[in-house]
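Engineer:
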Ligand SMILES: [Zn+2]
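Residue numbers (the numbering used here): 1 to 351.
Laid out in structure tokens, this is it:
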């Protein structure tokens, strides 16, 4: 079944992790022999597996933080450098487009054409990427959003981890900055979609109040099941449902099951069915399956050591279908979760 994945950091993996995504996952793992940093030798995402998993369309990110005190490969001393890093990631998508591997989807018609191509020839149709930005620091000043829009950027999350130039992200506390308010207004004028994933609670509520345009949560789970600020409370989920948002389920184990700790020797069991618990929780709050979908985050800085045990590569997302069926979901609902809900959302948001 065709799948739309609302969160993959493909270019960051290619450019910052130096991964050749044309090679199968098994080869990328072998090529990292001797590299013992977290996530190395354990990648789960590459184009052959995306094709096998029928991931026809993805929200493909550019990802770079401005954080002068940061020590990770994500953190840059200022926004200009974060911009340059993100532009490098965009260059990767551009050359893939020139080579015919992908299409950057700028509007709903392009998405529909891409999905039709997969219907006709799933072995060779180009992947469709909707360009998104995880944390808006690479927009150096609000007015620069226009340049990014012209380059194809359609979905923007205001912050990632910690305080950013525009808002407070995960593990920090506070609302939007003055620049963040300005950026939101301009995003709306341009027709951009707001991704509320990673916003600190206060920033989340303020952004929803201020932004009248289409809103999604690309990769987010439920606080009622897995406590912690990275997940949404039921109040937040209800607000998103009221806004007709769609929420993508992520497959990073510490967001899926309570008590799972990154790097711990022993962790509670985590399987795909545990991620389905979150999907089901949102469906129960909504009274329908219209607001749930997938935003796997599978290449977000971790590997198979941190995914559900029955997920070795992104192709295994297809195994969600029988689990949903067993839980009583209809074929129409499962199709909605796999691709129909994102398709409906973007048909309107990118009309
Ligand atoms: Zn993320």
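Using N, Cα and C, we set each Cβ at its ideal position, and we do this for glycine too.
All values reported here derive from a predicted model rather than from experimental measurement.
Answer yes or no: do residue 28 and residue 14 have a C-beta to C-beta separation smaller than 7 Å?
Structural biologist: Not in contact: residue 28 and residue 14 (Cβ atoms no closer than 7 Å).
Engineer: So if DSSP puts residue 194 in a beta bridge, which residue, or which two residues, is it bridged to?
Structural biologist: Answer by DSSP bridge pairing, in chain order: 156 and 215.
Engineer: Going by DSSP in three states, residue 35 sits in which element: helix, strand or coil?
Structural biologist: DSSP places residue 35 in coil when its eight states are reduced to three.
Engineer: Specify the secondary structure class of residue 330 as computed by DSSP and reduced to three states.
Structural biologist: Three-state DSSP puts residue 330 in coil, outside helix and strand.
Engineer: Got a sec? Which residues, its chain only, sit under 7 Å from residue 270 by beta carbon, not counting five neighbours each side?
Structural biologist: Around residue 270: 253, 256, 257, 260, 308 and 309.
Engineer: For ligand 1, I want to know if residue 34 counts as a neighbour, meaning its beta carbon is within less than 6 Å of at least one of the ligand's heavy atoms.
Structural biologist: Checking every heavy atom of ligand 1 against the Cβ of residue 34, none is found closer than 6 Å.
Engineer: Does the Cβ-Cβ distance between residue 241 and residue 286 come in under 7 Å?
Structural biologist: Contact: yes.
Engineer: If the criterion is Cβ atoms closer than 7 Å, does the pair residue 216 and residue 130 meet it?
Structural biologist: No, they are not a contact pair.
Engineer: When every heavy atom of ligand 1 is checked, does at least one fall within less than 6 Å of the C-beta of residue 119?
Structural biologist: No - ligand 1 has no heavy atom lying nearer than 6 Å to the Cβ of residue 119.
Engineer: Of the choices 106, 274, 142 and 166, whose alpha-carbon is the least far from that of residue 249?
Structural biologist: Among 106, 274, 142 and 166, the Cα nearest to that of residue 249 is on 274.
Engineer: I'd like to confirm the pairing. Which residues does DSSP put opposite residue 132 in its beta bridges?
Structural biologist: The partner list for residue 132 (beta bridge, DSSP) reads 61 and 155.
Engineer: Alpha carbons only, please: which of 184, 159, 22 and 192 is nearest the one belonging to residue 52?
Structural biologist: Considering only alpha carbons, the answer is 22.
Engineer: Within the present structure, is the beta-carbon of residue 259 separated from the nearest heavy atom of ligand 1 by less than 6 Å?
Structural biologist: Result no, Cβ not under 6 Å from ligand 1.
Engineer: Leaving out five residues on either side along the sequence, give the residues of the same chain with a beta carbon under 6 Å from the beta carbon of residue 294.
Structural biologist: Closer than 6 Å at the Cβ level, and outside the excluded window around residue 294, lie 5, 248 and 249.
Engineer: Tell me residue 170's beta-bridge partners as DSSP assigns them.
Structural biologist: Answer is 161, bridged to residue 170.
Engineer: Is the beta carbon of residue 328 within less than 6 Å of some heavy atom of ligand 1?
Structural biologist: Checking the Cβ of residue 328 against ligand 1 gives no.
Engineer: Would you call residue 35 buried or exposed, if buried means 16 or more other Cβ atoms sit within 10 Å of its Cβ?
Structural biologist: With fewer than 16 other Cβ atoms within 10 Å, it is exposed.
Engineer: Residue 300: beta carbon under 6 Å from a heavy atom of ligand 1?
Structural biologist: Correct: residue 300 has its Cβ closer than 6 Å to ligand 1.
Engineer: Is DSSP giving residue 248 helix, strand or coil here?
Structural biologist: DSSP places residue 248 in strand when its eight states are reduced to three.
Engineer: Between the beta-carbon of residue 350 and the beta-carbon of residue 108, is there less than 7 Å?
Structural biologist: The answer is yes: Cβ separation under 7 Å.
Engineer: Please say whether residue 86 and residue 76 have beta carbons closer to each other than 7 Å?
Structural biologist: Against a cut-off of 7 Å, the Cβ pair of residue 86 and residue 76 comes out as no contact.
Engineer: Does the Cβ of residue 95 have 16 or more other Cβ atoms within 10 Å, making it buried, or fewer, making it exposed?
Structural biologist: Exposed.
Engineer: CB-CB under 7 Å to residue 227, same chain, minus the five flanking residues each way: which ones, in chain order?
Structural biologist: Cβ neighbours of residue 227 beyond the five flanking positions: 258.
Engineer: Mind reading off the beta-carbon distance from residue 337 to residue 50? Whole number of angstroms is fine, and I expect it under 8 Å.
Structural biologist: Contact doesn't hold; Cβ gap of about 18 Å is too wide.
Engineer: Could you say which of 160, 213, 198 and 163 lies nearest to residue 184 if we only look at CA atoms?
Structural biologist: Here the closest residue by C-alpha is 213.
Engineer: Are the CB atoms of residue 204 and residue 193 nearer to each other than 7 Å?
Structural biologist: Contact: no.
Engineer: Span of the alpha helix (DSSP H) holding residue 292?
Structural biologist: Note, residue 292: premise wrong, no alpha helix (DSSP H); beta strand (DSSP E) at 292-294.
Engineer: Return the first residue and the last residue of the beta strand (DSSP E) that residue 103 is part of.
Structural biologist: First-last of the beta strand (DSSP E) with residue 103: 102-104.
Engineer: Identify the residues that DSSP records as bridge partners of residue 232: which are they?
Structural biologist: Answer is 222.
Engineer: State the DSSP-derived secondary structure class of residue 145, mapped to helix, strand or coil.
Structural biologist: Helix at residue 145.
Engineer: Start and end of the alpha helix (DSSP H) containing residue 3?
Structural biologist: Note, residue 3: premise wrong, no alpha helix (DSSP H); beta strand (DSSP E) at 3-8.
Engineer: When you compare the CB positions of residue 166 and residue 207, do they come within less than 7 Å of one another, or not?
Structural biologist: No, Cβ-Cβ distance for residue 166 and residue 207 is not below 7 Å.
Engineer: Measuring alpha carbon to alpha carbon, tell me which residue in 133, 277 and 146 is nearest residue 156.
Structural biologist: Checking every option, the nearest Cα to that of residue 156 belongs to 133.
Engineer: If you count every other CB in all the chains shown that lies within 10 Å of the CB of residue 262, and 16 or more means buried, which is it?
Structural biologist: So residue 262 counts as exposed.
Engineer: Is the Cβ-Cβ distance between residue 219 and residue 3 less than 7 Å?
Structural biologist: No, these two residues do not count as a Cβ contact at 7 Å.
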